[in-house]
Amino acid sequence: MNNNFKHRPNFYKLKLTMAALVLVMIGYTPKAEAEQGAPSATLMHIKGEQAKGSSAALVHTEQPTKKLAVIIDDLGNNMVGTEQIMAMPVKLTVAVMPFLPSTEKDARLAHEKGFDVLLHLPMEPKQGRASWLGPGAILSSLTDAEVRSRVEKAIDNVPYAVGINNHMGSKITADERIMSIVLDVCKERGLFFVDSKTNYRSIVGKLCRAKGLPQVDNHIFLDDVASEAAIARQIEKVAEFLKIHESCVTIGHVGHSGKKTASVLRQSIEKLQKEAQFVGVSDLAREQGKPNIILP
Ligand SMILES: [Zn+2]
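Its first residue numbered -3, the sequence shown is counted upward by one per residue in the working numbering.
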């Protein structure tokens, strides 16, 4: 009888257990592993199996490491589709407009659901009616002090906001004077800014880099055309985008297209989960590791 051979399985078991222990002790997380470019699913699985005491450590459960942040804009005014969005069984981000009848209610409910909350800050567009902007809008005619005051009041009005994105704003996101003030307030408050990219001349990315803020951009609008077929085509674009990128930010809306967007999104969850995991947009901001950002 070969004693060495006989004891080998236990020896391997011990080695694996010790390896897992070391990983736990040094706080080794799957995320840290992913950042170093190694396969995180295997590691996650080994840790899980060790916890259960099983020896099937190499069974591989595929969990996408790519990340998808779905932002739903225009909450805060009892908009059509809000209920369906709040009932979604995956993590979303809702962007809530300030100073409106359901601002506080929507922000609180979303937070309780575990969603990320953004302040959806109304900003002057190049075109479009001023009446679409809503109260407290950032206009190009405001002085520096007025811009700062409006941004601060709007942040205070939306509980649990971890960041800001723009409602409309094609004019303001190209205005360096105003965006600089908005981003300064973001930085002071520990928030980040998501550029909805309503203007390809936006200077938000450049300013974020200069100020040491994370740069988070929208990639795909889901419901510019409010038909289920059109929204499904946009979802298809999200899936394609994720095949060649590590993460995707996509924006849909409550309101006019609300129920359709919610319905197509819900039907697409399984398909999208094959490409990526649903995350809050703060997860993408946090990943950039900017030191001044305080995130939940
Ligand atoms: Zn909006």
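Virtual Cβ for every residue (Gly too), placed ideally from N, Cα, C.
In the pairwise beta carbon analysis, the region 201 to 216 is classified as not touching the region 99 to 110: fewer than three pairs are separated by under 8 Å.
In this structure, Val154 places its C-beta atom within 8 Å of the C-beta atom of Leu115. For Phe237, no pairing in a beta bridge is given by DSSP. Asp152 and Ala133 have their C-alpha atoms roughly 14 Å apart.
Around the beta carbon of Gln59, fewer than 16 other beta carbons lie within 10 angstroms, which makes this residue exposed. Under the 10 Å beta carbon count, Gly254 is surrounded by 16 or more other beta carbons and is classified as buried. DSSP, read as helix, strand or coil, puts Leu64 in strand. In this structure, Asp69 has its CB closer than 7 Å to one or more heavy atoms of ligand 1. The DSSP-derived three-state label of Gly159 is strand. Between Met93 and Ile168, the CB-CB gap reaches or exceeds 8 Å. CA-CA distance, Val113 to Val147, rounds to 16 Å.
By the Cβ-count criterion, Asn161 is buried, with 16 or more other Cβ atoms from all chains shown falling within 10 Å of its own Cβ.
If you look at Met175, you'll find it isn't in any beta strand (DSSP E); it sits in the alpha helix (DSSP H) that goes 172 to 185.
In this structure, the C-beta of Met164 approaches ligand 1 to less than 7 Å from one of its heavy atoms. Here Val200 is buried. Its C-beta has 16 or more other C-beta atoms within 10 Å.
Following the DSSP letters along the chain, one finds Gly130 in no alpha helix (DSSP H), marked with neither H nor E. Assignment of Ala150 by DSSP, reduced to helix, strand and coil, places it in the helix class. About 7 Å separates the Cβ atoms of Val190 and Asn214, confirming a contact at the 8 Å cut-off.
When only Cα atoms are considered, Val158 and Glu283 end up about 14 Å apart. The bridge partners DSSP lists for Asp112 are Thr89.
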